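Since the structure comes first, as structure tokens, the remarks are kept for the end.
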Amino acid sequence: MSPIFHLLYSIQYKMTNMNTIPTSILELISVYISKEISENEFSFLKEWIDESPENKKAFSDYLLFYKKTRQVVFATTTEKDKAWSSIVSQLETPLHNQEIEQKETKVRSLKATTLFLKFAAIVLVLLSISYFYFDKEVSVLKPTFENSIASEAAITLQLANGDIQVIKEDGTTEVVDANGNVVGTQKGNQLVYNNASAKDTLVYNTIKVPYGKRFELRLSDGTNVHLNAGTSLRYPVRFINGQNRQVFLDGEAYFDVTKDAKHPFIVGSSDMDVKVLGTKFNVTSYKEDAKTYTVLVEGSVAASNNITENDEVILKPGNRAFFENKNLKTEPVDVRKYIAWVSGQLMFIDDSFGVITNKLERKYNVDIVNNYDELNNIMITATFKEENIEQVLKTFQTYKSFNYTIKNKVITITKPKNM
1 MSPIFHLLYS IQYKMTNMNT IPTSILELIS VYISKEISEN EFSFLKEWID
51 ESPENKKAFS DYLLFYKKTR QVVFATTTEK DKAWSSIVSQ LETPLHNQEI
101 EQKETKVRSL KATTLFLKFA AIVLVLLSIS YFYFDKEVSV LKPTFENSIA
151 SEAAITLQLA NGDIQVIKED GTTEVVDANG NVVGTQKGNQ LVYNNASAKD
201 TLVYNTIKVP YGKRFELRLS DGTNVHLNAG TSLRYPVRFI NGQNRQVFLD
251 GEAYFDVTKD AKHPFIVGSS DMDVKVLGTK FNVTSYKEDA KTYTVLVEGS
301 VAASNNITEN DEVILKPGNR AFFENKNLKT EPVDVRKYIA WVSGQLMFID
351 DSFGVITNKL ERKYNVDIVN NYDELNNIMI TATFKEENIE QVLKTFQTYK
401 SFNYTIKNKV ITITKPKNM
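Residue numbers for the sequence shown follow full-length UniProt numbering, beginning at 1 and rising by one.
Quick look at the structure:
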């Protein structure tokens, strides 16, 4: 068994709030994390995840725990207790309520933290072993930080029968249905589905774009969708006449919807549905951010709470819909900031450093460990396009001095020693 498996097993054994899952599934998660999973193993794991909401949550919890504990390896000694406490806070909070809970309960119970810290030493040793084991295994393929970005997981397309198809951005491929009919063609960074409608049954495909990449999709009705890094979109291969055109989003996407008054277009996300007839808008709904918002570029959309189903707002161009205290609200925004990513830009307008780091992690496929809390108080206005991550960090240093190190795609930020 790999060190990563032993780490996951230890998590399950020690953390009573973590769902118990079969050892065989733990093995699959461990090879998934180490990027050594085969297509058959991935299909089996995906089938288990889709069996129940509990399985989906368990999978998300283990990935979240692994990511957070991996970051602690690179924290300074004085910051480790603080980092572990942060992990406890996030694990004890449901993913979709993390942001609310962190505001309301900044200090967790001493008992829970003490129990976890006893376990922390064991986990840290296992994690260190698993990290350096993983680093050793892939170091030949990823000798430099810059080259590592290009060798990450590929864009994947899950077909209706569960098969996983790898999308090669420099290649061309055809997408076929269960009967062998060609329903779409991928060329380069775009996948275009044939303009046709289904007769009776909806058949779904799911495209997943990993961190560090973007992709463009044209649905069968002609709607163009730009998918940002770390995004998954589930959509019908063909829409049915007389029914709404509905897709399901986890992540961020920009939609240019083909007008069709008889068939409204609906984007479903974790807690918000957006209904349109034909318009341009951006939806952001990353589960790890625990928040969803929609920005309207042109046209008109209705945003609604898909949980209560009795809360709806009509957006005007240049406005954003978001949740505050569990209620849907709107506010005017600078649209450029929210759609700059479509053209490959990062635009920040009076954004906090904490918000910015999340976007940097997705664009550059890195982990950022900030051990300098004062940075979270600074507000940054800047635009980037071709710059690499180091050039971006050096720009931020003009706002407030800080040190950073980069090792195997983990960026550790620290306070300057003379301050």
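We put the beta carbon where it would ideally sit given N, CA and C, even for glycine.
Since this is a predicted model, take the numbers as computed values, not measurements.
If you follow the alpha helix (DSSP H) that residue i is in, where does it begin and where does it stop?
i    : result
T398 : Run containing T398: none; DSSP gives neither H nor E here.
K337 : 335 to 339
N305 : No alpha helix (DSSP H) contains N305, which is instead part of the beta strand (DSSP E) from 301 to 305.
T357 : 353 to 364
Does residue i pass the burial test, meaning 16 or more other C-beta atoms within 10 Å, or should it be called exposed?
i           : result
M272        : buried
E252        : buried
R245        : buried
T279        : buried
E54         : exposed
V183        : buried
D170        : exposed
A178        : exposed
V257        : buried
K208        : buried
P332        : exposed
I411        : buried
K385        : exposed
E146        : Interpretation of E146 is limited by its pLDDT of 37, a score under 50 that renders its predicted location unreliable; no figure is taken from the coordinates.
G212        : buried
V355        : exposed
P236        : buried
T172        : exposed
K417        : exposed
residue 473 : Residue 473 lies beyond the residue range present for the chain, which begins at 1 and ends at 419; the question has no answer from this structure.
I389        : buried
I21         : buried
N181        : exposed
T284        : buried
K409        : buried
D373        : exposed
K326        : exposed
So, under 8 Å CB-CB, residue i and residue j are touching, yes? Tell me the CB distance rounded to an integer number of Å.
i           : j    : result
residue 436 : L159 : No statement about residue 436 is possible, as the shown extent of the chain runs from 1 to 419 and does not include it.
S230        : Y286 : The displayed chain sequence assigns Gly, not Ser, to residue 230. Indeed, because the Cβ distance is near 7 Å, the residues count as touching under 8 Å.
L360        : I349 : The Cβ separation is near 16 Å, so there is no contact.
L328        : N305 : 6 Å
D221        : D260 : 7 Å
T357        : N370 : 6 Å
V335        : Y254 : No, V335 and Y254 are not in contact; Cβ-Cβ is about 11 Å, not under 8 Å.
S197        : F248 : Not quite, the Cβ-Cβ distance comes to about 19 Å (not below 8 Å), so this is no contact.
Q186        : V175 : 7 Å
I167        : F42  : Contact doesn't hold; Cβ gap of about 15 Å is too wide.
T383        : Q345 : 6 Å
F59         : I33  : That belief does not hold up - the Cβ atoms of F59 and I33 are roughly 11 Å apart, past 8 Å.
I339        : V297 : 6 Å
State the start and end residues of the unbroken beta strand (DSSP E) segment that holds residue i.
i    : result
L26  : From DSSP, L26 is part of no beta strand (DSSP E) but of the alpha helix (DSSP H) over 23 to 33.
A321 : 319 to 324
E331 : 327 to 332
E252 : 245 to 256
T412 : 410 to 414
L157 : 155 to 158
D273 : 272 to 276
D233 : The question names Asp, yet the displayed sequence has Leu at residue 233. Segment 231 to 236, the beta strand (DSSP E) holding L233.
D367 : 367 to 370
T284 : 280 to 285
V342 : No beta strand (DSSP E) holds V342; DSSP gives it neither H nor E.
T294 : 293 to 298
L375 : Element bounds for L375: n/a, residue is neither H nor E.
A382 : 379 to 384
G162 : Segment: none, G162 is in no beta strand (DSSP E) and carries neither H nor E.
G242 : Per DSSP, G242 belongs to no beta strand (DSSP E) and is neither H nor E.
E312 : 312 to 315
Answer with yes or no whether the minimum CB distance from residue i to chain C is below 8 Å.
i    : result
T412 : Absent here is chain C; the protein component of the structure consists of one chain.
### Task
Report yes or no: do three or more beta-carbon pairs, one from the region 258 to 276 and one from the region 387 to 407, lie closer than 8 Å?
no
### Message
If we require 3 or more residues per run, which beta strand (DSSP E) segments fall completely within the region 172 to 223?
### Response
172 to 176, 182 to 187, 190 to 193, 204 to 209, 215 to 218
### Task
Could you tell me whether the region 375 to 392 touches the region 318 to 331, using the rule of 3 or more Cβ pairs below 8 Å?
no
### Query
Quick one: any contact between the region 292 to 302 and the region 207 to 222, if contact means 3 or more CB pairs under 8 Å?
no
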